[in-house]
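Number of protein chains: 2
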Amino acid sequence: MRISSKGDYGLRALFDLAQRYGKGPVQSEDIARRQGIPINYLNQLLITMRRAGLIESLRGPQGGHMLARSPETITLRDVLIALEGPLLPGDGTREDLIPGVPEDHDLIDEVWSELRAQIETLLSRTTLDDLCQRKRQRAGSVMYYI
Amino acid sequence: MRISSKGDYGLRALFDLAQRYGKGPVQSEDIARRQGIPINYLNQLLITMRRAGLIESLRGPQGGHMLARSPETITLRDVLIALEGPLLPGDGTREDLIPGVPEDHDLIDEVWSELRAQIETLLSRTTLDDLCQRKRQRAGSVMYYI
DNA sequence: GTATTCTTGAGCAATTTGCTCTACTATGGC
DNA sequence: GCCATAGTAGAGCAAATTGCTCAAGAATAC
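Going line by line, the protein sequences match chains G and Y.
The numbering of the first sequence is the numbering used here, which starts it at 2 and goes up by one.
The numbering of the second sequence is the numbering used here, which starts it at 2 and goes up by one.
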């Protein structure tokens, strides 16, 4: 169970967009530079996220990408499922298993299933807007000490 | 973030051992047959789990594998970390990232770190003994209806 | 119509996954 | 001591995934 650079890069990119939500499209090159993501790879991830309905993209000069929904409606769960795919056994990933003793097999399947639900609940609790607020709070507290 | 067959097979094998805890060694061939795991692959996973300190193994006739600790002290977290390795960015997996804007970079790092802690807490709540109890309860309730 | 920006798909080296197979080592029992 | 039984170790291997790059194409603003 590992989050690869896809999920990591993807979250960073969406966070970048969230901070500029409502201010028009943001170009992938700017995202790449600010967030330290290889541009060609980022472009791929952006396409994946557009197909997942997380962002919208405009071509041509002054084009770019923007969140398809407001930052408080996009959760870590949305990002990770879009980019990393299914999270645990029991969501179609491992249907090819040779079943053993049925009671044991079913019990373990249920454990994965419940675990997945719990983890998704956890992931659903954090939104892009939460991240933006955290950054603002942090910037604010720095101001006090200056 | 995906649990591969390693974690799945590994949990099934340990669950098999947990149900026979205290009754001497269990041979890998029996585990493989009961749990529907390819024997050669299972043998590899058993070695990994032994190196992680989850099981102990005895060679020779009447040899086999057994839990190194009691089932209530072995959690899903133990199993998954032993077999799947680090769970999320921020545990050494992705140190090679080119950092972007430092505030954003650090904030996302923290998010992964907190998330990992929360997921590990979740995983730590379920032990092998919990699974055994669940199976016994289930068997018990079936008895009532016969 | 041209510069800009996203889109699509190919390609590719490195790593991981999910195995198998062979050889080796340890141990219990005769 | 021999031998059958088990685990141990490591090589090998096809297929999939990761983490990219690159080139060609399509849409749009000016």
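Note that the Cβ used here is the ideal one computed from N, Cα and C, for glycine as well.
Return the CA-CA distance between residue i and residue j, expressed in angstroms with no decimal places.
i, j, result
"residue 56 of chain G", "residue 49 of chain G", "9 Å"
"residue 109 of chain G", "residue 12 of chain Y", "8 Å"
"residue 29 of chain G", "residue 66 of chain G", "7 Å"
"residue 10 of chain G", "residue 53 of chain G", "16 Å"
"residue 24 of chain G", "residue 45 of chain G", "23 Å"
"residue 51 of chain G", "residue 58 of chain G", "7 Å"
"residue 93 of chain Y", "residue 40 of chain Y", "Confidence at residue 93 of chain Y is low in this model, with a pLDDT of 49, below 50, so its placement is unreliable and no value can be given for it."
"residue 165 of chain G", "residue 106 of chain Y", "What the structure shows of chain G is the stretch from 2 to 147, and residue 165 of chain G is not part of that stretch, so it cannot be assessed."
"residue 26 of chain Y", "residue 82 of chain G", "41 Å"
"residue 43 of chain G", "residue 135 of chain G", "24 Å"
"residue 21 of chain G", "residue 31 of chain G", "12 Å"
"residue 36 of chain Y", "residue 14 of chain Y", "7 Å"
"residue 38 of chain Y", "residue 5 of chain Y", "13 Å"
"residue 128 of chain Y", "residue 47 of chain Y", "18 Å"
"residue 80 of chain G", "residue 62 of chain Y", "52 Å"
Does the Cβ-Cβ distance between residue i and residue j come in under 9 Å?
i, j, result
"residue 17 of chain G", "residue 71 of chain G", "no"
"residue 68 of chain Y", "residue 33 of chain Y", "no"
"residue 115 of chain G", "residue 8 of chain G", "no"
"residue 76 of chain Y", "residue 124 of chain Y", "yes"
"residue 102 of chain Y", "residue 132 of chain G", "no"
"residue 88 of chain Y", "residue 3 of chain G", "yes"
"residue 104 of chain G", "residue 118 of chain Y", "no"
"residue 60 of chain Y", "residue 121 of chain Y", "no"
Could you check where the alpha helix (DSSP H) with residue i kicks off and where it finishes?
i, result
"residue 6 of chain G", "6-20"
"residue 59 of chain G", "Premise fails: residue 59 of chain G lies in the beta strand (DSSP E), 56-59, not in any alpha helix (DSSP H)."
"residue 108 of chain G", "103-125"
"residue 30 of chain G", "29-36"
"residue 47 of chain Y", "40-52"
Looking at the unbroken beta strand (DSSP E) that takes in residue i, where does it start and where does it end?
i, result
"residue 77 of chain Y", "No beta strand (DSSP E) holds residue 77 of chain Y; the alpha helix (DSSP H) holding it covers 77-85."
"residue 68 of chain Y", "65-68"
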